[in-house]
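There are 2 protein chains.
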Amino acid sequence: MRDVCVIGIGQTPIGELWDMSLRDLAAKALRDAMKDAGLDGPPEALFVANMLAPRLSNQAHLGALIADFTGWRGIEAVTVEAACASGGAAFQQAYRAVASGLMDVVAVCGVEKMTDATTSPVTSALATAADADFEGAHGASFVALNALVMQRYMYEYRVPHESFAPFSINAHQNAINNPNAMFRRAINEQIYKNAPVIADPINLYDSSPICDGAAAMVLCPLEMARELNQHVPVRVLASVTATDCLDLAGRHDLLGLEAARGSAKKAYEKSGLSPQDIDVFEVHDAFSIMAALSLEAAGFAERGKGTSLALDGEITPQGKVPISTMGGLKGRGHPVGATGVYELVDVVTQLRGEAAANQVPNAEVGMSQNIGGTGATVVTHILQRLS
Amino acid sequence: MRDVCVIGIGQTPIGELWDMSLRDLAAKALRDAMKDAGLDGPPEALFVANMLAPRLSNQAHLGALIADFTGWRGIEAVTVEAACASGGAAFQQAYRAVASGLMDVVAVCGVEKMTDATTSPVTSALATAADADFEGAHGASFVALNALVMQRYMYEYRVPHESFAPFSINAHQNAINNPNAMFRRAINEQIYKNAPVIADPINLYDSSPICDGAAAMVLCPLEMARELNQHVPVRVLASVTATDCLDLAGRHDLLGLEAARGSAKKAYEKSGLSPQDIDVFEVHDAFSIMAALSLEAAGFAERGKGTSLALDGEITPQGKVPISTMGGLKGRGHPVGATGVYELVDVVTQLRGEAAANQVPNAEVGMSQNIGGTGATVVTHILQRLS
Chain A
1 MRDVCVIGIG QTPIGELWDM SLRDLAAKAL RDAMKDAGLD GPPEALFVAN MLAPRLSNQA
61 HLGALIADFT GWRGIEAVTV EAACASGGAA FQQAYRAVAS GLMDVVAVCG VEKMTDATTS
121 PVTSALATAA DADFEGAHGA SFVALNALVM QRYMYEYRVP HESFAPFSIN AHQNAINNPN
181 AMFRRAINEQ IYKNAPVIAD PINLYDSSPI CDGAAAMVLC PLEMARELNQ HVPVRVLASV
241 TATDCLDLAG RHDLLGLEAA RGSAKKAYEK SGLSPQDIDV FEVHDAFSIM AALSLEAAGF
301 AERGKGTSLA LDGEITPQGK VPISTMGGLK GRGHPVGATG VYELVDVVTQ LRGEAAANQV
361 PNAEVGMSQN IGGTGATVVT HILQRLS
Chain X
388 MRDVCVIGIG QTPIGELWDM SLRDLAAKAL RDAMKDAGLD GPPEALFVAN MLAPRLSNQA
448 HLGALIADFT GWRGIEAVTV EAACASGGAA FQQAYRAVAS GLMDVVAVCG VEKMTDATTS
508 PVTSALATAA DADFEGAHGA SFVALNALVM QRYMYEYRVP HESFAPFSIN AHQNAINNPN
568 AMFRRAINEQ IYKNAPVIAD PINLYDSSPI CDGAAAMVLC PLEMARELNQ HVPVRVLASV
628 TATDCLDLAG RHDLLGLEAA RGSAKKAYEK SGLSPQDIDV FEVHDAFSIM AALSLEAAGF
688 AERGKGTSLA LDGEITPQGK VPISTMGGLK GRGHPVGATG VYELVDVVTQ LRGEAAANQV
748 PNAEVGMSQN IGGTGATVVT HILQRLS
């Protein structure tokens, strides 16, 4: 087992990118990440994270496709999928390829092209993250399932809908300063309150957008990162995946987000850290409710108190638990299969001190929690800036 | 880096399994593999190989789904996809998780449910293995693309169509003795010759069937395999993936199957072996032409001589290069995402000496070559029986 560092990051802007295809997006992010790493030539392997291409672009087999299009024909390449947690899961395989000593330089790329789907409606494609037999077959869309969870949270903890406003306000505020974010405009409580309802109680500003984008990273052993000396090395301290059942009805603890709790707990054990040591936390705020649940499951707030933390202003870059620091899934955007990689790119950006106006002061340890489905797969990563 | 062994194998019969769903199939194969390993309780991680569920069953996110349904809620689980090479690619990630020292007991499951597709025709779903923009968009089906390659092979090497008959005859003959095979009946040259054409020159007997099935394996470190002492340990000597471009028009060498050649070459280097040392070779005979090309690319026959090897009777269990020993993709069946795992299960069956009437005498070293698309991803594994 070797120490592994992130030495390169790359990303495309997120949006409705009509002039770029799936492979264009991926190749751009990958080339940028290799350039950022200061490396020429192909990596030894490429791990692609994607969820929807087989449905929306009639394209499976992205590993070889993207490796070739990036100019790396011949290298090992494969796709890793865990619904919206695909990015974190792909990063984990890349991390292991280096940690094992089998490979030195590997690349990860999360890519999703959601806006020019020809074959399948995006809503049905996204529903494949839920249980097709127990949920999808009954017509439950992905937003509807999240709405059930939010409804239960509001009932159980006596929390009004407006308590979730700070999550969206913080995300939009941070997105303004991120040139790659989709929604670079502020919102306020009034705008949040007046937003149209998508699936009661989830409104427009509780939801992340349908969009295109790709993010990429390059990993190598710690010694090599020191030799290259291109950036301050960012080391992977923990990489943990945990799962739960897909269907909400089968959960032992609907609001407990057990896979998030389980993977965070193991990640703390592996790194020897606790929530107090985390300077920046990139949550999976696909819906506001998931941000609240993730904060609670990862130990940053007690059960039912996730929204209080937000209302107290502690989730901003100046707060105790800065989240969605580059806009999160809500403001930056949520190209689903790519999101886990974007989250990690944002963590690295913070740890390198390159977050400009959104910089969390003295960020040394960062965490990301990438959630698949309504919480059935959760991948937690803890990264640390070395000096 | 630790030595890794296969200690458990499981499989469902292959066929039109109307009474079993995707998750039923996977859980059955996984439970059988754990039982075969002599282990109780969950593995530390599950790697699922699947290609078509998002299209044919409206279901992505199979890792968590199958882990939960098998009774292993909570464990790490993820899906690995590389078109028809998904099985080999998933096995590779499982191998690394153990080799790295990060995990002791991991499971792999390849599963595909092709026969009760409700949303998308199987032919369009299979075409996602090819290049959607350069091939699929023009209406090229997967069998049509393979037909182009076969056409070129026959022209280039002056090989008549009937030279491919021995591949199908051998596969069907071996399938008779495999209780899990789909087509347990012999064919002869006359039947092959009179078969209806699917896409000229590919006929019915040059093609593998559309079917359902799941295969599973359990891996652990060598020392643990020795302690458990449930079966003769089968060690992984090499695990190599190589890629090429997806589209046939972009290949540097259409008949060279460069990814197959590249991955076989590296696998020989890693294991210190050569083709002469391989006692059994499970090829990816999705179409007869792919069996011929794989034999040539892996060094068992010179270019253009793959069919000669077959005509000389050398591909039967008693020959110099036994292939498709349990029926192969043609006779046993080709549930695409599961196939790579079935190939490895067959290799282990041979190395354990459990192949009954199809046993290759004194099989000590076995190889599998799992091909994705028309050769864009190729995963080669070499396994060895220890004493």
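From first to last, the protein sequence lines stand for chains A and X. Position 290 of the first sequence, counting from 1, maps to 290 under my numbering, and the rest follow consecutively. Each number in my numbering corresponds to the 1-based position in the second sequence with 387 added. Yeah, the Cβ is synthetic: ideal placement off N, Cα and C, and Gly gets one too.
Residue pairing by DSSP places MET713(X) opposite no residue, since no beta bridge is assigned to it. With respect to chain A, the C-beta atom of GLN480(X) has a partner C-beta closer than 9 Å. If you draw a 10 Å sphere on the C-beta of LYS193(A), you find fewer than 16 other C-beta atoms in it, and that means exposed. For SER550(X), not one C-beta of chain A is nearer than 9 Å to its own C-beta. PRO209(A) is positioned such that its CB atom lies no closer than 9 Å to that of GLY373(A). Rounded to the nearest whole angstrom, the C-alpha separation of SER658(X) and MET713(X) is 25 Å.
Listed along the chain, the chain X residues whose CB falls inside 7 Å of the CB of PRO335(A) amount to none; the nearest CB is some 15 Å away.
When C-beta distances to chain X are compared with 7 Å, the residues of the region 69-88 of chain A below that value are ARG73, GLY74, ILE75, GLU76, ALA77, VAL78, THR79, VAL80, GLU81, ALA82, ALA83, in chain order. By the Cβ criterion, the region 437-455 of chain X is in contact with the region 499-513 of chain X, since at least three pairs of Cβ atoms, one from each stretch, lie closer than 8 Å. If you look at GLN359(A), you'll find it isn't in any beta strand (DSSP E); DSSP assigns it neither H nor E.
In this structure, the alpha-carbon of MET224(A) lies about 21 Å from that of HIS381(A). By the 16-neighbour rule on beta-carbons within 10 angstroms, GLU227(A) is exposed. Among the residues facing chain X, GLY372(A) is included, as its CB has a counterpart in that chain under 9 Å away. With a contact defined as Cβ atoms closer than 8 Å, ALA94(A) and PHE47(A) qualify at about 5 Å. Residue pairing of THR630(X) in beta bridges, as defined by DSSP: THR764(X).
Between the alpha carbons of TYR540(X) and GLY724(X) lies a gap of roughly 27 Å.
Secondary structure note for THR339(A): its alpha helix (DSSP H) is the uninterrupted segment 336-351.
Residue burial annotation: SER207(A) is buried, with at least 16 other C-beta atoms found within 10 angstroms of its C-beta. It is roughly 12 Å from the alpha-carbon of VAL345(A) to the alpha-carbon of ASP32(A). Comparing alpha-carbon positions, the option among ALA129(A), ASP40(A), GLY71(A) lying closest to LEU449(X) turns out to be ALA129(A). The distance from the Cβ of GLY366(A) to that of GLN359(A) is about 12 Å, inconsistent with a contact at the 8 Å cut-off. If you look at MET217(A), you'll find it in the beta strand (DSSP E) that goes 212-221. CA-CA distance, PRO221(A) to SER239(A), rounds to 15 Å.
Assignment of GLU656(X) by DSSP, reduced to helix, strand and coil, places it in the helix class.
Within its own chain, no residue has a Cβ closer than 7 Å to the Cβ of ASP40(A) once the five positions on either side in sequence are excluded. VAL122(A) is positioned such that its CB atom lies no closer than 9 Å to that of PHE287(A). The alpha-carbon of ALA127(A) is positioned some 21 Å away from that of GLY328(A). Here the alpha carbons of ASP455(X) and ARG73(A) stand approximately 37 Å from one another.
ALA97(A) has a beta carbon lying within less than 9 Å of a beta carbon in chain X. Listed by position along chain X, the residues whose Cβ is nearer than 9 Å to that of THR115(A) form an empty set, because the closest Cβ is around 16 Å away. C-alpha of SER368(A) to C-alpha of PRO43(A): approximately 24 Å in a straight line. The continuous stretches of beta strand (DSSP E) do not include ILE315(A), and DSSP gives it neither H nor E. With respect to the C-alpha of GLY691(X), the residue from GLN617(X), GLY700(X), MET677(X) having the closest C-alpha is MET677(X). Taking 9 Å as the cut-off, the Cβ atoms of LEU489(X) and ALA99(A) count as close. The continuous alpha helix (DSSP H) containing PHE69(A) extends over residues 62-69. Spanning the alpha carbons of PRO196(A) and ASN203(A) requires a straight line of approximately 6 Å.
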